[in-house]
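In our numbering, the protein residues as written are 1 to 252.
Scroll down for the structure; my scribbles are underneath it.
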């Protein structure tokens with residue numbers, strides 16, 4: 001798997017593993033199957049209902065071109081907005097991406113927002129719908145960070161959440177039953193946030209890179225909105241946040 005080197009505004013490099021093209025295509029087809037299944041089911045139910053009398057005013061709709069279009073748009077809305085709604089609610093994943101274990105992330109931070117997903121969604125018309133996805137394939141193949149045009153425009157990339165080591169070894173750790181968490185707001189972190197924090201903290205600690213440790217500390221504070229006590233070192237703060245996160249994860 002290719003590695004995406006992401007350099008933050010503080011010139012700190014964070015390593016992500018780029019999702020393979022095959023993973024992205026598989027996620028796309030899973031989502032496509034879901035959309036087709038929905039359309040098939042809804043239209044079958046609608047036409048069967050209409051044939052049996054429906055609401056009693058379908059014959060007027062058949063004579064009104066705009067009413068017919070309105071019905072089609074209403075029925076098709078979940079398909080049209082499927083990707084942007086899913087990625088917004090599932091933090092960078094659609095159902096297909098979730099099953100394949102890949103995710104959209106910002107290349108300069110931990111989490112993408114609605115505007116980023118909106119830009120990606122709008123440019124799907126060029127990337128995927130135009131020329132049957134050829135534009136996206138060319139863009140991904142020629143981009144250093146494996147981005148399609150929507151990713152380049154929104155500053156996002158698709159990474160894999162799969163690891164050679166089980167997730168329990170990379171994120172979770174043993175926490176005693178009587179442990180009392182210090183930072184309650186760590187619940188604002190996602191599993192992916194915790195994974196990134198831990199991986200980069202271990203790497204920085206091994207290299208003695210205190211600057212990166214301080215950057216990680218500030219990133220955490222920005223997300224959880226909680227400052228550590230003045231007498232708590234950056235290392236102690238990060239380790240405490242990870243332990244607190246594992247405490248809440250264990251009890252969910």
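All C-beta atoms in this analysis are idealised placements derived from N, C-alpha and C, irrespective of residue type, glycine included.
Spatial neighbours of residue 86 in its chain, beta-carbon cut-off 6 Å, leaving aside the 5 residues before and after: 94
6 Å Cβ shell around residue 232 - same chain, five flanking residues per side excluded: none
Every unbroken alpha helix (DSSP H) inside the segment 136–219 [4 residues or more]: 149–154, 167–170, 191–207
Cβ neighbour criterion (16 or more within 10 Å) applied to residue 139: buried
Option in 161, 153, 103, 245 with minimal Cα separation from residue 127: 153
Touching by the beta-carbon criterion (3+ pairs, under 8 Å), the segment 181–193 and the segment 219–235: yes
Residue 69 to residue 136 span [Cα, whole Å]: 30 Å
Straight-line gap, residue 16 to residue 180 (C-alpha atoms, nearest Å): 32 Å
Whole-angstrom distance between residue 218 and residue 204, CA atom to CA atom: 15 Å
For residue 106: DSSP bridge partner residues: 156
Residue 221 and residue 160 closer than 7 Å at C-beta: no
Sub-7 Å separation of residue 122 and residue 156 beta-carbons: no
Backbone secondary structure at residue 229 - three-state DSSP: coil
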